[in-house]
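In our numbering, the protein residues as written are 127 to 465.
All C-beta atoms, glycine included, are put in the ideal place defined by N, C-alpha and C.
Written below as structure tokens is the structure these notes are about.
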């Protein structure tokens, strides 16, 4: 083959390849709120953020057509107006079925790799598809979900533009994960205080911050800018029940992981009650009282969990500090869904 013909042939082949979104509309740079650390974020190399992928993921996040009976979407259990949780002790899925754990928040997942209370999903992409297949949550199969999404012409067109493919389960997972990575909670009163504004938080919240770091030992696990060590700890929740939820143990099968659950971020915590993995604490005051008593004793209780002997004022100050972690800027409007 002559060189000119070969070059022309190769050019035709390149032009005929599917255009990936990262090439179609360019990389997307997140706007990092005050207090968050961009360098700590995790974006998989095979799923770069782009504006159109985030937009597609947002639509899928809000779309009940991903569930078997068209009644449940991601947003059902992770609603913006409810702190990206669902204000229930444990979540409710299709046909009114009630699960055994509360809905973890979807904010600041950019800084987390393992997902769910027990860390069973290694990535947001994997996590996004988990509830679809859970018989209590969205009650679908991945194959059935893809058929439902593929029936929507608007989605077919977006998948072609974003991924250069037909509707796929991998694309659904990548798009939803991308949207969730854009849900960033920062610029709280505490962040402004930490940046030098001494009037940003109250005197009570300042006292609570000292307690958080010292006497109450909260910072042992709720550490760093996102107020979580991303680790798993047994604080005794539910371990006094006849058949307790064993949490991380169900994933690792390690005896030391029995009753251990992932440390949640405390950012925007006032908006996402009730609290703990089983939703048994209705308020932050109840959570603090649970820790103050030293949790619930059991063979795997974390060594850090001990009675705190907090006074009534100290408990109030701790709540005041936690309130200062609310994020004022994270607002997500319901998108128009494609037809």
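First through last residue of the alpha helix (DSSP H) which encompasses residue i
i: residue 418; result: 410–418
i: residue 381; result: Element bounds for residue 381: n/a, residue is neither H nor E.
i: residue 200; result: 200–203
i: residue 269; result: 268–276
i: residue 426; result: First-last for residue 426: undefined, no H or E at that position.
i: residue 296; result: 295–307
i: residue 288; result: 279–289
i: residue 318; result: 315–320
Buried versus exposed call for residue i [16 or more other C-beta atoms within 10 Å across all chains shown]
i: residue 390; result: buried
i: residue 360; result: buried
i: residue 366; result: exposed
i: residue 280; result: exposed
i: residue 379; result: exposed
i: residue 409; result: exposed
i: residue 234; result: buried
i: residue 149; result: In this prediction, residue 149 scores a pLDDT of 37, lower than 50, which makes its location untrustworthy; the coordinate-derived value is nonetheless stated afterwards. By the neighbour-count rule (16 or more Cβ atoms within 10 Å), residue 149 is not buried but exposed.
i: residue 313; result: buried
i: residue 189; result: buried
i: residue 354; result: buried
i: residue 257; result: buried
i: residue 435; result: exposed
i: residue 240; result: buried
i: residue 324; result: exposed
i: residue 334; result: buried
i: residue 371; result: buried
i: residue 450; result: buried
Close-in-space but distant-in-sequence residues of the same chain around residue i (CB under 7 Å, 5 per side omitted)
i: residue 304; result: 173, 175, 179, 180 and 183
i: residue 346; result: 430
i: residue 264; result: 192, 193, 194, 198, 219, 220, 257 and 258
i: residue 423; result: 362
i: residue 238; result: 356
i: residue 348; result: 354, 389 and 392
Sequence-distant residues of its chain with Cβ nearer than 8 Å to residue i (five each side left out)
i: residue 153; result: 174, 175 and 176
i: residue 293; result: 272, 275, 276, 281, 282 and 285
Cβ shell of residue i (< 6 Å), same chain only, five flanking positions each side left out
i: residue 330; result: 443 and 446
i: residue 289; result: 297
i: residue 200; result: 187
i: residue 413; result: 401 and 407
Integer Cβ distance of residue i from residue j, believed to fall under 8 Å
i: residue 468; j: residue 405; result: Coverage of the chain is limited to positions 127 through 465, which leaves residue 468 absent and any answer about it impossible.
i: residue 236; j: residue 160; result: Incorrect: roughly 15 Å between the Cβ atoms, too far for contact.
i: residue 340; j: residue 299; result: Actually they do not touch by this definition, with Cβ atoms about 42 Å apart.
Distance cut-off 8 Å: residue i Cβ against heavy atoms of the ligand FMN
i: residue 350; result: Summarising the ligand content, the structure contains no ligands, and the ligand FMN is consequently not present.
is_contact[residue i, chain C] using C-beta, thresh 9 Å
i: residue 164; result: Looking at the structure shown, chain C is missing, and only one protein chain is on hand.
Where are the alpha helix (DSSP H) runs, 4 residues long or more, that stay fully inside the region 328–354, in chain order? 329–339
Within the region 241–266, ranges of the alpha helix (DSSP H) (whole runs, at least 4 residues): 250–259
With a floor of 4 residues, list each alpha helix (DSSP H) that falls wholly inside the region 429–461, ordered by position along the chain. 438–449
Which runs of the alpha helix (DSSP H) at least 4 residues long sit entirely within the region 165–237? Give them in chain order. 177–188 and 200–203
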